[in-house]
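To get our numbering, take the position in the sequence shown, counting from 1, and add 131. Think of the CB as a built atom: it goes at the ideal place given N, C-alpha and C, for glycine as much as any other residue. Quick notes on the structure that follows.
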Amino acid sequence: MVVEIDCRKQNCPVPVINTKKALEQAQEDELMVIVDDVVNRDNVRRFVQSRGHDIKIEDRGENLFYMHITRNPEAASKTEIAASVAGGVVVFITTDKLGEGDDMLGGILMKAFLNTLHDSEPKPDKIIFINNGVRLVVEGSDVLDSLAALSGDGIEIVACGTCLNYYNIIDKLKFGITGNMYDIVNSLLEAGKIIKI
């Protein structure tokens, strides 16, 4: 029997949370998650894969996705153990300017900060952009070269999908992946150190 989880018309991060609960509670090895949004599709896919499960996505058109998930309990437990002991440094960027005062100076300082981050050791494991900070990872941003260098260093770049949608710039994302609040909260809880900008 396949457990079906209908996540249509649900906002981030509800589809990921419902998928997580089903994976933890359901006795069946197969689940079907239904979403009607590309961001939720990508968020659920990333979550499922990060836990070591298999997923196949059926695109039924008009933003309707049926996600067939096959549980792999052994892989999932190893992934969760690894995540719980990994720690690491997370930079949490909530604005597109560094500091308060003149906006032009704040933009210059943010670019300098990201460039210096690339040149420094140790480097962070992840940079998360939320709220107005997501403007830094999209087309036309003054820090795209800096982000390219950081991405090249192997630093994971995550932009809040809800924020990108709110500002209507999700299709302009240039670097990183779209994350959801579940991803963001877990990254912060699992971090050994958080630097908030």
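Per DSSP, cross-strand counterpart(s) of residue i
i	result
D327	According to the sequence as given, residue 327 is Lys; it is not Asp. Paired residues: F223.
H199	M163 and K187
I308	V289
Alpha carbon of residue i to alpha carbon of residue j, nearest angstrom
i	j	result
F244	E252	13 Å
R172	V274	28 Å
G264	G307	13 Å
V164	G237	43 Å
D276	S181	28 Å
F196	V169	8 Å
I188	H199	6 Å
When the options are compared against residue i, the one with the closest alpha-carbon
i	options	result
D256	E321, L304 and D190	E321
L162	R202, F196, I259 and L278	R202
I300	N171, S272 and D167	S272
I259	L236, I148 and I286	I286
K327	V169, I224 and K187	I224
G310	T293, K140, K151 and D227	T293
K140	G219, I186 and N194	N194
C-beta neighbour in chain B for residue i, strict 8 Å
i	result
K242	Of the protein chains in the structure, only one exists, and it is not chain B.
Can you give, in chain order, each stretch of the beta strand (DSSP E) that sits fully within the region 134-187 and has at least 3 residues? With a minimum length of 3 residues, the continuous beta strand (DSSP E) runs that stay inside the region 134-187 are 134-137 and 161-166.
Complete runs of the beta strand (DSSP E) confined to the region 280-305 [at least 3 residues]: Within the region 280-305, the complete beta strand (DSSP E) runs of at least 3 residues are 287-291.
Taking only runs of the beta strand (DSSP E) that begin and end inside the region 233-279, which ones reach a length of at least 3 residues, in chain order? Runs of the beta strand (DSSP E) lying entirely within the region 233-279 and spanning at least 3 residues, in chain order: 257-260.
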